[in-house]
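Worksheet for the structure shown next.
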Amino acid sequence: ELPNIVGHVKFENLVFEYEKGRPALKGIHLDVKAGQSIALVGHTGSGKSTIMNLLCRFYDPVEGRVLIDGHDIREVTIQSLRSQVGIVLQDTFIFSGTIRDNIRFGRLDATDAEVEMAARAVYAHDFIAELPQGYDTEVQERGNVLSMGQRQLISFARALLADPRILILDEATASIDTETELKIQEALKTLLAGRTSFIVAHRLSTIRNADKIIVLDHGQMMESGSHEEL
Ligand code: ATP
Ligand code: MG
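Right under this line is the structure:
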């Protein structure tokens with residue numbers, strides 16, 4: 363179990379390869395204090411998603427370990443890890459069902475009031491309320507009731523409601539209209555507050571707001587520091 367963690371994350375000498383002889387990570391060391399936000403940047407294939415895959419235990423490292431509040435994540439149940447490490451993926455996952463169900467995904471016990479509170483906090487309530495069926499509007503996995511930006515806000519509301527101590531966010535590269543973009547930036551601040559976060563960052567604003575920026579290249583950490591330092 364991972365009871366009442368604060369969200370201190372430590373990567374110790376992480377080495378990983380998907381295929382023998384082709385290292386994807388070559389010894390990553392990183393100590394992230396509870397509540398810090400980390401932006402991961404680097405070329406395609408540099409290992410950003412791989413680090414996040416190891417933090418989620420989608421794979422185990424070949425060498426080294428990931429510690430959360432001092433616990434090796436291989437020694438805690440997957441269930442407790444999932445409840446403490448939330449993920450918002452680039453290709454935001456919307457399934458066929460109502461908007462309400464999409465937000466409650468992962469917190470099925472949430473009341474309608476809680477769903478609305480989460481949606482309000484990330485600036486999703488207004489556009490939801492404008493839909494003819496509001497929160498009961500049916501959306502499709504690949505449908506076009508929602509714009510890309512709106513899908514992102516829904517996934518933010520979902521993450522906020524799930525309330526994990528550690529949050530991983532693979533930022534979308536899709537172009538989004540300026541108004542929604544501003545909402546997303548504000549929503550992101552709300553979502554990240556008080557959590558340890560790792561963001562595969564594409565937006566300059568996200569990189570600027572991060573406590574620490576990690577630059578990856580071919581599976582190695584080249585630099586780390588704040589926006590001012592780099
Ligand atoms: P991007 O910016 O394109 O998302 P990334 O920094 O997230 O790139 P990774 O996905 O971590 O990069 O990939 C690191 C290396 O591992 C690359 O060489 C990639 O080809 C390889 N790789 C990633 N996923 C797999 C996989 N499932 N099977 C085999 N090799 C993989
Ligand atoms: Mg990636």
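Taken in order, the sequence shown gives residues 363 to 592; the numbers are from full-length UniProt numbering.
For every residue, glycine included, the Cβ atom is placed at its ideal position computed from N, Cα and C.
Quick caveat, the model's predicted, so the values are computed rather than measured.
query	result
Between GLU476, LEU508 and VAL394, which lies nearest to PHE457 when the distance is taken from Cα to Cα?	LEU508
Residue ranges of each beta strand (DSSP E) run of no fewer than 3 residues wholly in the region 444 to 507, ordered along the chain?	447 to 450
Quick one: Cα of LEU451 to Cα of ASP532, how far?	5 angstroms
Rounding to the nearest angstrom, what Cα-Cα distance links ASP525 and VAL368 in this structure?	13 angstroms
Quick check: the Cα distance between VAL377 and VAL577, rounded to an integer number of angstroms?	17 angstroms
Between which two residues does the alpha helix (DSSP H) harbouring LYS410 extend?	410 to 417
Following the continuous alpha helix (DSSP H) through LEU544, name the residue where it begins and the one where it ends.	540 to 554
Less than 7 angstroms between the CB of SER408 and some heavy atom of ligand 1, yes or no?	yes
Would you tell me roughly how many angstroms separate the C-alpha atoms of ASP453 and LEU544, rounded to the nearest one?	19 angstroms
Quick one: does the C-beta of GLU381 sit closer than 7 angstroms to a heavy atom of ligand 1?	yes
Just to check my reading of the structure: LEU554 and LEU523 have Cβ atoms closer than 8 angstroms, yes? What is that Cβ distance to the nearest angstrom?	That belief does not hold up - the Cβ atoms of LEU554 and LEU523 are roughly 15 angstroms apart, past 8 angstroms.
If you follow the beta strand (DSSP E) that ALA530 is in, where does it begin and where does it stop?	Per the sequence presented here, residue 530 reads as Ile, with Ala not at that position. From DSSP, the beta strand (DSSP E) with ILE530 extends over 528 to 532.
So what does VAL577 bridge to, in DSSP terms?	VAL403 and GLU585
With a 10 Å radius around its C-beta and 16 neighbouring C-beta atoms as the bar for buried, classify ALA475 as buried or exposed.	exposed
Would you report the Cα separation of VAL477 and ASN506, rounded to the nearest angstrom?	22 angstroms
Considering only the alpha carbon of each residue, which of ILE400, PRO365, ILE538 and ASP422 lies closest to LEU387?	ASP422
With a threshold of 7 angstroms, establish whether the CB of residue 338 neighbours any heavy atom of ligand 1.	Outside the displayed range of the chain (363 to 592) lies residue 338, so it cannot be described from this structure.
Is VAL394 near ligand 2, with its Cβ less than 7 angstroms from a heavy atom?	no
Rounded to whole angstroms, what's the CA-CA distance from GLU363 to LEU417? Just pull it up for me.	16 angstroms
What does the alpha-carbon distance come out to for the pair GLU590 and SER442?	36 angstroms
What number of angstroms, rounded off, separates the C-alpha of SER588 from the C-alpha of PRO494?	45 angstroms
Mind the definition here: the region 510 to 518 touches the region 481 to 494 only if three or more C-beta pairs lie below 8 angstroms; say whether that holds.	yes
Is it buried or exposed, LYS395, if we count other Cβ atoms within 10 angstroms and call 16 or more buried?	exposed
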